[in-house]
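The structure appears below as structure tokens.
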Amino acid sequence: MCFSESIVIRTTPEAAFAYLADPATAPIIDPAVISYEPDSLPMRAGTTNTIRARFFGVAATMVSRTLEWDEGRRMVLESIKPARPVRGRATHLFEPHPDGVRYTWSMEMTPVGPGGRIAARLMTVLMRRNARQQQVRFKRALEQAEGAAS
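For the sequence shown, the positions run 2 to 151 when the numbering used here is used.
The structure is reproduced here in structure tokens:
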């Protein structure tokens with residue numbers, strides 16, 4: 002189960018990539034995130050990320066691993082904890098566009114173990130909605146930051 006959502010942002014691919022890659026911006030882009038802590042900075046392939054978040058009032062800790070890191074262009078992350086019932090792989094792609102950058106967030110949910118298929122379907126729906134909301138916040142925050150810097 003997968004989805005892909007794109008948005009055009011008035012900035013460069015490098016600036017958009019850098020903003021998304023900055024752990025300090027995670028709570029701005031996703032208000033559910035309390036903290037985003039990579040085990041290495043700058044991030045790169047092999048970096049392990051600990052994400053603390055609050056969903057519907059419930060605190061959760063998740064861990065992901067950075068699989069690919071092509072500075073200014075593409076990053077791929079995969080969930081490693083919790084390991085069940087779903088494993089998620091997120092690809093963030095930054096492509097030049099006449100109006101700035103086209104940012105595409107694609108995600109694939111793989112069922113793991115009992116209940117995995119149902120959980121993967123549910124997570125795909127929830128994460129797609131979350132991706133759309135995050136892209137709007139990302140665009141607004143980055144364009145406001147770029148406007149203030151001009």
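Yeah, the Cβ is synthetic: ideal placement off N, Cα and C, and Gly gets one too.
So the beta strand (DSSP E) residue i belongs to, where does it begin and stop?
| i | result |
| --- | --- |
| residue 15 | Premise fails: residue 15 lies in the alpha helix (DSSP H), 14-22, not in any beta strand (DSSP E). |
| residue 46 | Premise fails: residue 46 is in no beta strand (DSSP E) and is neither H nor E. |
| residue 91 | 87-98 |
| residue 108 | 101-112 |
| residue 72 | First-last for residue 72: undefined, no H or E at that position. |
| residue 39 | 34-39 |
| residue 4 | 3-10 |
Go through its chain and collect everything with a Cβ distance to residue i's Cβ below 8 Å, but skip five positions before and after it.
| i | result |
| --- | --- |
| residue 61 | 53, 54 and 55 |
| residue 144 | 10, 11 and 12 |
Could you spell out where the alpha helix (DSSP H) holding residue i opens and where it closes?
| i | result |
| --- | --- |
| residue 27 | 27-30 |
Can residue i and residue j be called in contact, C-beta distance under 8 Å?
| i | j | result |
| --- | --- | --- |
| residue 15 | residue 133 | no |
| residue 77 | residue 69 | yes |
Nearest-angstrom Cα distance between residue i and residue j?
| i | j | result |
| --- | --- | --- |
| residue 41 | residue 98 | 31 Å |
| residue 139 | residue 146 | 10 Å |
| residue 127 | residue 148 | 32 Å |
| residue 85 | residue 66 | 15 Å |
For residue i, which residues from the same chain have a beta carbon less than 6 Å from its beta carbon, with the 5 sequence-adjacent residues on both sides left out?
| i | result |
| --- | --- |
| residue 49 | 40 and 66 |
Among residues of its own chain, excluding the 5 on either side of residue i, which ones have a beta-carbon nearer than 7 Å to its beta-carbon?
| i | result |
| --- | --- |
| residue 44 | 22, 67 and 70 |
Inset, instruction - Check whether the segment 77-94 touches the segment 106-123, counting contact only when three or more Cβ pairs, one atom from each stretch, lie closer than 8 Å. - result: A contact exists between the segment 77-94 and the segment 106-123.
Inset, instruction - Would you check if the segment 19-33 and the segment 113-123 touch, i.e. whether three or more CB-CB distances between them fall below 8 Å? - result: No, because fewer than three Cβ pairs between the segment 113-123 and the segment 19-33 fall closer than 8 Å, the two stretches do not touch.
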